[in-house]
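Residue numbers (this note's numbering): 229 to 580. Written out below as C-alpha cells is the structure these notes cover.
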C-alpha cells in the first residue's frame, strides 16, 4: 500500500462543522458573543482571571509586549531555537531581541544562557514550552524579569500538575491550523493581571476610540471562536491520542540509538511534535522519509541566530539541534497502519 502521510493535519469533526455553520446562520460572524464565550472557557480551563482572543499567536505576543511597556532601546530575551514569529513580535515594538541558547535534552530555553543574556535593559523574557514539553518555568520566573509564556505548542501540558500558561506575567497561545487545537488562524492571551488584559483588549481594535492611541485590527471572528470552543471540548481526547502515538514511537525506537522525547519529572509532555535527535545530520533521513510518503521536517525553519547573522559558536545547542533533528508526524487522526508504517520507514532509513 502506498502512503502519503502529512507532517501535520487538523482534526476536524462533524460537530466542529456544525458549530461553525450554526454561527454562520446566526449572521454574527465578526467578533461577538462566541468570542466572549471562548475567552471565558479558556480562562476557566487554565484557572486564570481572564483571556483576550486575537487574530494570531504573533499578535498575542506583540500586544503582550506592548502591555508590559516594551519599547525602543528595551531588550527582550528570546531562545534561538524557535520560529521567527517571536523575533518579529519583538521587532514590531522597536525593542532589541537578545538571543539565548536552549538545552540539548529538551529544546527549551537554558536558564544559564538566559542569565548570561540579562542586562540592565532586559524588560521581558519569552519562554516557549517547546514541542509540548514544559520549560523550567519556575526557575526562569525567579530571575525577576516579566515572563511571557509562549504556549503555542503546549496547550494542556502541565508543570508539577499545574497548567502551563499560569506561571508567567502573561501567557500566549496559537490556534493556527497545525496547532493542538485549530481555528485556522487565531491566538489568545491569558493572565491573572487584569490591568494587562485591559490594555491588550483595548489595543485589539482601533475603532470607537475617543482619543487617538496606538491600536490594531487584531480581532478574532465568531466563526473562529465557534470552532475553537468545539475543539476545546475534544482537547483531552487530542492529548490522549498524541501521547498514545508517542508511546508507540518510544517503544519502537528505544534501541535505535536516538534521543527520543519523553516526559521529565514534574513535566507532562503533550507531544505537539515528536522530535528526535539522530546525533548526526538529519537531512538525508528527512529526504528518504519524504520520498517514502512519510512527510517529516526539521522542527524549525532556521535558528534565529542564523537569521540574524550571529556567530553559531554562542548557540552551540541550537546549532546542533537544527542540524541533527527531525520531526515525525504525530496527530490524533493517524491510523494504526500509518503509525506502523512511519515506525518501519524510519527504522529502515536508519539501517542504511
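Ideal Cβ positions, reconstructed from N, Cα and C, are used throughout, including at glycine.
Go ahead and pull the three-state DSSP assignment for residue 505.
If you number the chain shown from 1, residue 505 lands on position 277. In this structure, residue 505 counts as strand in the three-state DSSP scheme.
For residue 446, name the three-state secondary structure that DSSP assigns.
Along the chain shown, one-based indexing puts residue 446 at 218. The answer is coil: DSSP assigns residue 446 none of H, G, I, E or B.
Nearest to residue 576 by alpha carbon, out of 558, 536, 540 and 522?
By 1-based counting over the chain shown, the position of residue 576 is 348. Per the Cα distances, 522.
Extract the residue ranges of the beta strand (DSSP E) inside the region 289-318, only unbroken runs of 3 or more that lie entirely within it.
303-307, all fully within the region 289-318.
Please state whether the Cβ-Cβ distance between residue 265 and residue 458 is less than 9 Å.
Counted from its first residue, the chain shown places residue 265 at position 37. Counted from its first residue, the chain shown places residue 458 at position 230. No.
Which term fits residue 565, buried or exposed, when burial requires 16 or more other beta carbons within 10 angstroms of its beta carbon?
For the purposes of this step, residue 565 is taken as the residue at position 337 of the chain shown. Burial call: exposed.
Going by the beta-carbon positions, is the gap between residue 293 and residue 304 smaller than 9 Å?
For the purposes of this step, residue 293 is taken as the residue at position 65 of the chain shown. For the purposes of this step, residue 304 is taken as the residue at position 76 of the chain shown. Closer than 9 Å, so yes.
Do residue 329 and residue 307 have their beta-carbon atoms positioned less than 9 Å apart in this structure?
Taking the first residue of the chain shown as position 1, residue 307 is located at position 79. Taking the first residue of the chain shown as position 1, residue 329 is located at position 101. Contact: yes.
Return the residue from the list 400, 253, 320 and 369 that minimises the CA-CA distance to residue 179.
Past the boundaries of the shown model lies residue 179; the chain is included only from 229 to 580, so the question cannot be answered.
Measure the beta-carbon distance from residue 357 to residue 390 and round it to whole angstroms, keeping in mind my assumption that it falls under 8 Å.
Within the chain shown, residue 357 is the residue found at index 129, counting from 1. Within the chain shown, residue 390 is the residue found at index 162, counting from 1. At roughly 12 Å, the Cβ-Cβ gap does not stay under 8 Å, so residue 357 and residue 390 are not in contact.
Across the region 547-559 and the region 504-515, are there enough close Cβ pairs to call them in contact, namely three or more that are closer than 8 Å?
As far as the Cβ criterion goes, the region 547-559 touches the region 504-515, which means the pair count is three or higher.
So what's residue 365 in DSSP terms, helix, strand or just coil?
Working through the chain shown from its first residue, we reach residue 365 at position 137. Of the three classes helix, strand and coil, the one that applies to residue 365 here is helix, per DSSP.
How is the beta strand (DSSP E) around residue 244 delimited, first residue to last?
Here residue 244 refers to the residue found at position 16 when the chain shown is read from its first residue. Per DSSP, residue 244 belongs to no beta strand (DSSP E); it is in the alpha helix (DSSP H), 242-254.
Kindly indicate which residue of 531, 280 and 247 has the alpha-carbon position closest to the one of residue 314.
On the chain shown, residue 314 is found 86 positions in, with the first residue counted as 1. It is 531.
Could you tell me the boundaries of the alpha helix (DSSP H) in which residue 553 lies?
As a first step, residue 553 is located in the chain shown; it is residue number 325 there, counting from the start. Residue 553 -> not in any alpha helix (DSSP H); beta strand (DSSP E) instead, spanning 553-556.
Tell me, please, whether the region 480-498 touches the region 359-371 by the rule of three or more beta-carbon pairs shorter than 8 Å.
Yes: at least three Cβ pairs fall under 8 Å.
Skipping 5 residues on each side, what residues in its chain have a beta carbon closer than 6 Å to that of residue 300?
Counting from 1 along the chain shown, the entry for residue 300 is found at position 72. Excluding positions up to five away in sequence, the list reads 322.
Could you pull out every residue in the same chain whose Cβ sits closer than 6 Å to the Cβ of residue 487, ignoring the five residues on either side in sequence?
As a first step, residue 487 is located in the chain shown; it is residue number 259 there, counting from the start. So the qualifying residues of the chain are 505.
Have a look at 366, 368, 447 and 455 and flag the residue whose alpha-carbon is nearest the alpha-carbon of residue 245.
Your numbering for residue 245 matches position 17 in the chain shown. If we check each option's Cα against that of residue 245, 455 comes out closest.
If you draw a straight line from the alpha carbon of residue 320 to that of residue 501, how long is it in whole angstroms?
Position 92 of the chain shown, counted from the first residue, corresponds to residue 320. Position 273 of the chain shown, counted from the first residue, corresponds to residue 501. So the two alpha carbons sit approximately 28 Å from each other.
On a Cα-Cα basis, can you pick out the residue from 275, 519 and 247 that is closest to residue 262?
As a first step, residue 262 must be located in the chain shown, where it is residue number 34. Of 275, 519 and 247, the residue nearest in Cα terms is 247.
Roughly how many angstroms separate the alpha carbons of residue 418 and residue 402, rounded to a whole number?
The residue given as residue 418 occupies position 190 in the chain shown. The residue given as residue 402 occupies position 174 in the chain shown. Each residue's alpha carbon lies about 12 Å from the other.
With DSSP collapsed to three states, give me the class of residue 392.
Position 164 of the chain shown, counted from the first residue, corresponds to residue 392. Three-state result, residue 392: coil.
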